[in-house]
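Heads up, the thing below is written out as structure tokens.
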Amino acid sequence: MLIALAVALLRRRPALLVLVVAADGTADLLASALKHVIDVERPPVRYAEPKALVHVPADHSFPSGHAATTFSRVYVGVHYPLDVIGGALLGVAVAIALLRLARARRGSPRLRRRG
Numbered sequence: 031m032l033i034a035l036a037v038a039l040l041r042r043r044p045a046l047l048v049l050v051v052a053a054d055g056t057a058d059l060l061a062s063a064l065k066h067v068i069d070v071e072r073p074p075v076r077y078a079e080p081k082a083l084v085h086v087p088a089d090h091s092f093p094s095g096h097a098a099t100t101f102s103r104v105y106v107g108v109h110y111p112l113d114v115i116g117g118a119l120l121g122v123a124v125a126i127a128l129l130r131l132a133r134a135r136r137g138s139p140r141l142r143r144r145g
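Heads up: the sequence shown runs through residues 31 to 145, numbered per the working numbering.
The following block contains the structure:
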């Protein structure tokens, strides 16, 4: 399903696919870099209960890389709510920045009026 969507985007709107891939990659890289700087242990490392419902990654918790790219993970017990909020804000910031960059590079008056 995801591959079919990517192929459809590549055929119809290749620039949009490039922007989505760039946003996802940038958000993931920034989240990984911030994890090393901020250094917050994951909930299962700090607390024995409740047990995580999925495998707990070995890296740090804040900000959530998954939340930066897809919003999730508090329910399964591997992130704090603030991790997800931080990751979500990072993802939104990356998306806005890349959208503005794409608009500026294209120089489209139509796109500038929307923003």
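Just so you know, even glycine gets a beta-carbon here, dropped at the ideal spot from N, CA and C.
| Check | Outcome |
| --- | --- |
| Residue range of the unbroken alpha helix (DSSP H) whose run includes H96 | G95 to T99 |
| Secondary structure of R133, DSSP reduced to three states | helix |
| C-alpha distance - V114 paired with K81, whole-angstrom precision | 18 Å |
| Burial state of G116 (16 or more Cβ within 10 Å) | buried |
| Span separating the alpha-carbon of G145 from that of G137 | In this predicted model, G145 has a pLDDT of only 49, less than 50, meaning its place in the structure is not dependable enough to derive any value. |
| Among E79, V75 and A97, the one whose alpha carbon lies nearest that of A88 | V75 |
| Option in P93, V84 and A127 with minimal Cα separation from A63 | P93 |
| Rounded separation between A57 and I68 - CA only | 16 Å |
| Simplified DSSP state of G117, which is helix, strand or coil | helix |
| Coarse secondary structure for P87, derived from DSSP in three states | coil |
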